[in-house]
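Below is one structure; the comments refer to it alone.
Residue numbers (the numbering used here): 4 to 416.
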């Protein structure tokens, strides 16, 4: 597939961004249903949050498997297989008879949804590099960021005329549309000569080289820790808004969807000024905003402040995450073109593993407090800050100093 330009470039961005929508739609659409699911299954808030955790684990493990598979088999065939699996898993979730069945079905659904997330990013790296990679990725993210806006609104809307089962039927319909579109519109982007050998030792070697790359891991962990904060927010905010502040499912959907605007603002600032402001500068700005917003949010939750005092710092935190996610991904994957699928998988799996760990901790103190959510968001922001400055910045300084020493000529006698 040749590098797309003009109208084809926009069409490809829409298609790849739509594949990325599987992630937020799978995670966010059923969030307004959390309190209802608790009642329907006569279960606890923590168990319902574990259904989110299982989905996140599936998303993480799926990327770990599907990314390397796409380096071996190409992008198109694995994508079609896993979208089909997603459709079937969504139908299974809709008819889950109890919370434990739903937890298992969500694991499979998340695993399948990972195909859209990881392969769409690998396709971008197949076709672009340098500033063009950053610009196209932000264009794709613009489409993908519509998910956090639309998903809870769609979920809340569905709940006005049906129950949470209908939410998963809607997700199955989305899977069917994507399967049809990919079948007709998406060409293979990874030529046979660029594919890696189909053997486990080579795949493990690829992952080993990524783990040994200090700079790559620094960017990966920076993105992962901030994303863990996002999932703490996603898991906890339905109970904070609806149980503590007594908002309706529809009001919750609007409040939650508003933060999707923050995602768009953050990513588009990076894309708009990529030629003027270095990606690293945007990354540092994003980390600073995340830590400040996290601290303000925790204080507001501790003081039982009014709703607006919680909504505002969350908005800025989400905007900063968009800046961090866009820049850390492009900086990390820039030099990994030969194993873009594996690199994209590792960049994807770490956030979901950490997110899966943080999500159930939010409910540890019950369904009527937001303090654990605030603590996790602030703590994850601090760890992201340390990951960048300890691994990436110090590594870059060491390389620079080594280069300066090598450039010093031996004085002549």
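Glycine is no exception: its CB is placed at the ideal position from the N, C-alpha and C atoms.
Since this is a predicted model, take the numbers as computed values, not measurements.
query: Within its chain, find whatever has a CB closer than 6 angstroms to the CB of residue 43; leave out the 5 residues flanking it on each side and keep chain order.; result: none
query: Please return the same chain residues whose Cβ sits closer than 6 angstroms to the Cβ of residue 243, not counting the five positions on each side in sequence.; result: 373
query: Helix, strand or coil: which one does DSSP assign to residue 197?; result: helix
query: Express the C-alpha separation of residue 38 and residue 133 in angstroms, rounding to a whole number.; result: 46 angstroms
query: Is residue 78 helix, strand or coil when you go by DSSP?; result: coil
query: With DSSP collapsed to three states, give me the class of residue 277.; result: coil
query: Just to confirm the assignment, what range does the alpha helix (DSSP H) spanning residue 293 have?; result: 282–305
query: Who are the Cβ neighbours of residue 173 in its own chain at under 8 angstroms, not counting the five residues just before and after it?; result: 32, 157, 161
query: Between residue 183 and residue 393, what straight-line distance do the alpha-carbon atoms span, to the nearest angstrom?; result: 45 angstroms
query: With respect to the alpha helix (DSSP H) encompassing residue 43, which residues constitute its N-terminal and C-terminal limits?; result: 37–43
query: Three-state secondary structure (DSSP) at residue 330?; result: helix
query: DSSP on residue 371, reduced to helix/strand/coil?; result: coil
query: Please report the Cβ distance between residue 345 and residue 71, rounded to the nearest whole angstrom; I am assuming they are in contact, meaning their Cβ atoms lie under 8 angstroms.; result: 5 angstroms
query: Distance, Cα to Cα, residue 252 vs residue 317?; result: 18 angstroms
query: Count the other C-beta atoms from every protein chain shown that fall within 10 angstroms of the C-beta of residue 307, then say buried if there are 16 or more, exposed otherwise.; result: exposed
query: Take the Cβ of residue 220 as the centre, count every other Cβ of all protein chains shown within 10 Å, and call the residue buried at 16 or more, exposed below.; result: buried
query: Which same chain residues, not among the five before or five after residue 16, have their C-beta less than 7 angstroms away from its C-beta?; result: 139, 142, 143, 146
query: Contact defined as beta carbons within less than 8 angstroms: I believe residue 102 pairs with residue 51. What is the distance between those atoms, to the nearest angstrom?; result: 7 angstroms
query: On a Cα-Cα basis, can you pick out the residue from 361, 367, 77 that is closest to residue 342?; result: 77
query: Buried or exposed: which applies to residue 282, given that a residue is buried once 16 or more other Cβ atoms fall within 10 Å of its Cβ?; result: buried
query: Report all residues from its chain with a CB closer than 7 angstroms to the CB of residue 93; omit the five preceding and five following residues, and keep chain order.; result: 112, 171, 174, 175, 178
query: Assuming contact is defined by CB atoms lying nearer than 7 angstroms, are residue 235 and residue 376 in contact in what I supplied?; result: yes
query: Tell me the DSSP secondary structure of residue 262 in three-state form.; result: helix
query: Could you give the distance in angstroms between the alpha-carbon of residue 328 and the alpha-carbon of residue 227?; result: 9 angstroms
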